[in-house]
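Asker:
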Amino acid sequence: MAVQSSRSLEVAEAARQEWERNSFLRDLFLGDLRLELIHPFPEPLEEREKFRAFYREMERFVREELDSTAIDRSGEYPPEVIERLREMGAFGLKIPEKYGGLGFNQREYSKVMELLGSVDGNITALLSAHQSIGVPQPILLFGTEEQKRELLPRCAKGAISAFALTEPGVGSDPASLSTTARPTEDGSAFILDGEKLWCTNGTLAELLVVMARNPETDEISAFVVDTSWEGVEVVHRCHFMGLKALANAAIRFRGVRVPRQYLIGKEGQGLKIALTTLNTGRLTLPAAVSGTAKQCLEICRKWANARVQWGSPIGHHEAITAKIATIAAHTFAMDSLSELASEMATRPGYDIRLEAAAAKEWNTVRAWRIIDDTLQIRGGRGYETEWSLENRGEVPIPVERMMRDSRINLIFEGSSEIMHLFMAREAVDRHLRVAGPLVFGRASMREKLWAIPRIFAFYLVWYPTRWLRWSFWPKHASFGKLGKHMRFVERASRRLARATFHGMLVYRAGMQKKEAFLFRVVDIAMQLFAMAATISRAHKMAVDGHPAAHEARELADLFCWTSRREIRRTFRELWFNDDAMLYRVGRAVLEGRHTWLEEGSIGLPYSVDDLRPAGIRHPAHASGAEKSPDEASGPPPPAPYA
93 MAVQSSRSLE VAEAARQEWE RNSFLRDLFL GDLRLELIHP FPEPLEEREK
143 FRAFYREMER FVREELDSTA IDRSGEYPPE VIERLREMGA FGLKIPEKYG
193 GLGFNQREYS KVMELLGSVD GNITALLSAH QSIGVPQPIL LFGTEEQKRE
243 LLPRCAKGAI SAFALTEPGV GSDPASLSTT ARPTEDGSAF ILDGEKLWCT
293 NGTLAELLVV MARNPETDEI SAFVVDTSWE GVEVVHRCHF MGLKALANAA
343 IRFRGVRVPR QYLIGKEGQG LKIALTTLNT GRLTLPAAVS GTAKQCLEIC
393 RKWANARVQW GSPIGHHEAI TAKIATIAAH TFAMDSLSEL ASEMATRPGY
443 DIRLEAAAAK EWNTVRAWRI IDDTLQIRGG RGYETEWSLE NRGEVPIPVE
493 RMMRDSRINL IFEGSSEIMH LFMAREAVDR HLRVAGPLVF GRASMREKLW
543 AIPRIFAFYL VWYPTRWLRW SFWPKHASFG KLGKHMRFVE RASRRLARAT
593 FHGMLVYRAG MQKKEAFLFR VVDIAMQLFA MAATISRAHK MAVDGHPAAH
643 EARELADLFC WTSRREIRRT FRELWFNDDA MLYRVGRAVL EGRHTWLEEG
693 SIGLPYSVDD LRPAGIRHPA HASGAEKSPD EASGPPPPAP YA
């Protein structure tokens, strides 16, 4: 296990990008507030006529033609819906016009995803998986001109694509990838064998991006695979708690011949291609959940004014009012973070990986809390399905569906835990490069001695300045009443840099295992990023004379005060916590010393060995129209698709 863990870390490190470009969050981790990277806040989206026309058409489609309730109940994408999306060009949003797409930039694309996120998670997932992580994105970034001319027009016309990385026994550990791609003797092709799991759009896809390992060199490469090729088999359609129509597949490859011209990039670049693709692809989720949060805010506002209890609307009761205020403040922050990250992705030479990960992680977690509060405010009506509400004569507000569909966002495109680990690695990157041989590595004594002058040269300047820089009034006075919060962001960023450095000194080589410590570091950084984005946006609205500038400042002020309390608490918990006890008790549970506590439950009829993934054991019906045996024997859905 130790050897495998070491190998996994080596593979992950080899796929990392070196820091050569600007990054607000990278510098924030080092205690430097690079305000010029986020302020002034980006100008409002300048809507081109082509974008305005498409947006109006999409808005009309989701309002008048899309029946999200029926899609949820039937568990299928109606063919006419997919065809309508093709007609609009929705499968080519970010594909350049010269390849047949609409040529939208990241901000325009995010605006569309926000709209869809407020209405239907199934449609959002369909379009996002196709063009954010499916074939278009890696081909645009790494493909040859010949690949672009062949594949991008096909994708733009509606040839649905999917991304195939996860395997039955492999989640986020690339070193364990078992799907193989063996070069043929003449080198003209690769023979693909293996299984992939949870390929969103997999049962509909014509094209796949597949990650596979060369068993001779151990290198991971990326390929485009046409699902019509011999040996490609969709063996199971996966069904989930939410996103009932999600065309998610388990796919098997048996001796699939992949011509060399469908290799993306170079051999051995597969993991780097996957990670780079996901960097920008993650920006779909912060935009989509911002749309969800806005929908929740409207639901809560209207319901809290309409529902009367004890002689007054429930919104007049402090407990509900506080929830609504928090929802409003966090929605403003989520929207600000999504807008800023999307604009950053359009900047030439900007490294978006940390900002994309932070926006994805922070927004999805907040959206989940907002949906939970929305359900609580709606009460029983929040828990009741929209079709049940409608059948008994009430307005069919889909809070229950929103909750089911949104839970996956904390797992999609990098789980919350993986996002924390990814950002934590980048948080200590500079320290690893400067002091790694002495503090972390298995360097020789000679290498350690050579590193000492470099370490002293860096830290003799860097560490004192994490204490001595001025970050009190009148600095940032141009932000008005929000200036105090920006000063807090600057002070907290330096405190965060010191805490990270102190943690490195205390835990040394064991730092990578101190996940609780590192996760708190990341939580603080994300919260500071959200604060800075929100302050910058509110200030921009005031400067521009926006009619809602006063309200924006009020929301930003509320958000920052709540964030400051949260950040201070997290700083305390870096050093005063129960992490050791939690780990000790958790290990005791795993070792079976608390099985007495499980007495009284019916128990699982499975052993640990039964639960270990063992691949796809038997084919199941892959078609969305066909049902597995247990589904077929169950009750029919309440109503067919109408």
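The opening position of the sequence shown corresponds to residue 93 in the working numbering, with each subsequent residue numbered one higher.
For glycine and all other residues, C-beta sits at the position ideal for the given N, C-alpha and C.
#1: Could you check where the alpha helix (DSSP H) with residue 430 kicks off and where it finishes?
#2: Go through the stretch 210-248 residue by residue and report every complete run of the alpha helix (DSSP H) that reaches 4 residues or more, in order.
#3: Report yes or no: do the stretch 185-198 and the stretch 499-508 share at least 3 C-beta pairs separated by less than 8 angstroms?
#4: By Cβ distance below 7 angstroms, which residues in the same chain neighbour residue 119 in space, the five residues on each side in sequence not counted?
#5: Less than 8 angstroms separating the beta-carbons of residue 295 and residue 341?
#6: Among 610, 493, 359 and 479, which has the Cα closest to the Cα of residue 511?
#7: Answer yes or no: do residue 582 and residue 563 have a C-beta to C-beta separation smaller than 8 angstroms?
#8: Are the C-beta of residue 146 and some C-beta of chain B separated by less than 8 angstroms?
#9: Starting from residue 171, trace the alpha helix (DSSP H) in both directions and tell me its first and last residue.
#10: Taking the CB atoms as reference points, tell me whether residue 378 and residue 426 lie closer together than 8 angstroms.
#11: Have a look at residue 383 and residue 178 and give me their C-alpha separation to the nearest angstrom.
#12: In the DSSP assignment, what are the bridge partners of residue 344?
#13: Applying the criterion that 16 or more other CB atoms from any shown protein chain within 10 Å of the CB defines a buried residue, is residue 212 buried or exposed?
#14: Would you report the Cα separation of residue 110 and residue 481, rounded to the nearest angstrom?
#15: Measuring CB to CB, does residue 544 end up less than 8 angstroms from residue 577?
#16: Report the CB separation of residue 456 from residue 388 in whole angstroms; it is logged as a contact under 8 angstroms.
#17: Since residue 147 contacts residue 214 with CB under 8 angstroms, what's their CB separation in whole angstroms?
#18: Here's a check: name, in chain order, each residue in its chain whose Cβ is nearer than 6 angstroms to the Cβ of residue 490, leaving out the five neighbours to either side.
#19: Only counting runs of 4 or more residues, tell me where the alpha helix (DSSP H) segments fall wholly within the stretch 505-565, in order along the chain.
#20: Distance check for residue 593 and residue 421, CA to CA, integer angstroms please.
#21: Would you call the stretch 655-668 and the stretch 640-647 in contact, with 3 or more CB pairs under 8 angstroms?
#22: When the Cα of residue 364 is compared with those of 300, 313 and 395, which residue comes out closest?
#23: Below 8 angstroms, how does it come out for the stretch 444-454 and the stretch 613-625: are there three or more Cβ pairs, yes or no?
#24: If you compare alpha carbons, which of 634, 476, 484 and 513 is closest to residue 496?
#25: Candidates 247, 603, 572 and 580: which alpha carbon is nearest residue 523's?
#26: Based on the DSSP output, what are the partners of residue 442 in its beta bridges?
#27: Cα separation between residue 152 and residue 673?
#28: From residue 244 to residue 193, what does the alpha carbon distance come to, in whole angstroms?
#29: Look at the Cβ atom of residue 225, then the Cβ atom of residue 298, and state whether they are nearer than 8 angstroms.
#30: Spell out the partners DSSP gives residue 304 in its beta bridges.
#31: Would you call residue 698 buried or exposed, if buried means 16 or more other Cβ atoms sit within 10 Å of its Cβ?
#32: For residue 262, does the three-state DSSP call read helix, strand or coil?
#33: DSSP has residue 330 in a bridge; who is on the other side?
#34: Relative to the C-alpha of residue 229, which candidate in 197, 210 and 258 has its C-alpha closest?
#35: Run through DSSP, which three-state label would residue 282 get?
Answerer: Result, derived from the coordinates:
#1: Counting along the chain, the alpha helix (DSSP H) containing residue 430 begins and ends at 410-436.
#2: When DSSP assignments are scanned along the stretch 210-248, the uninterrupted stretches of alpha helix (DSSP H) that are 4 or more residues long and fall wholly within it turn out to be 213-220, 228-234 and 237-248.
#3: When Cβ pairs closer than 8 angstroms are counted between the two stretches, the stretch 185-198 is seen not to touch the stretch 499-508, the count staying below three.
#4: Closer than 7 angstroms at the Cβ level, and outside the excluded window around residue 119, lie 126.
#5: Yes; because the gap between Cβ atoms is below 8 angstroms, this pair is in contact.
#6: Looking at the Cα atoms, 610 is the closest of the given residues.
#7: Yes, the pair counts as a contact, with Cβ atoms nearer than the cut-off.
#8: In the displayed structure, chain B is absent; only one protein chain is listed.
#9: Counting along the chain, residue 171 sits inside the alpha helix (DSSP H) bounded by residues 171-180.
#10: Yes.
#11: Using only the alpha carbons, I get a separation of about 23 angstroms.
#12: DSSP output for residue 344 lists 287 and 325 as bridge partner(s).
#13: Answer is buried; the Cβ neighbour count reaches 16.
#14: Across the structure, residue 110 and residue 481 are spaced so that their CA atoms are roughly 54 angstroms apart.
#15: Their beta carbons are not under 8 angstroms apart, which means residue 544 does not touch residue 577 by this criterion.
#16: So it is not a contact: roughly 14 angstroms between Cβ atoms.
#17: Contact flag wrong, Cβ pair sits at about 20 angstroms.
#18: So the qualifying residues of the chain are 478.
#19: The qualifying runs are 508-519, 521-531 and 537-560.
#20: Going from the Cα of residue 421 to the Cα of residue 593 covers about 32 angstroms.
#21: Segments in contact, no.
#22: Cα-wise, what sits closest to residue 364 is 313.
#23: Flag = yes, the stretch 444-454 and the stretch 613-625 touch.
#24: Answer by Cα proximity: 476.
#25: Of 247, 603, 572 and 580, the residue nearest in Cα terms is 603.
#26: Per DSSP, 114.
#27: Here the alpha carbon of residue 152 sits roughly 55 angstroms from the alpha carbon of residue 673.
#28: Near 8 angstroms, if we compare the C-alpha coordinates of residue 193 and residue 244.
#29: No; because the gap between Cβ atoms is not below 8 angstroms, this pair is not in contact.
#30: DSSP links residue 304 through a beta bridge to 313.
#31: Exposed.
#32: Note: residue 262 maps to strand in three-state DSSP.
#33: The partner list for residue 330 (beta bridge, DSSP) reads 340.
#34: Between residue 229 and the set 197, 210 and 258, the nearest pair of CA atoms involves 197.
#35: The answer is strand: DSSP assigns residue 282 an E or B state.
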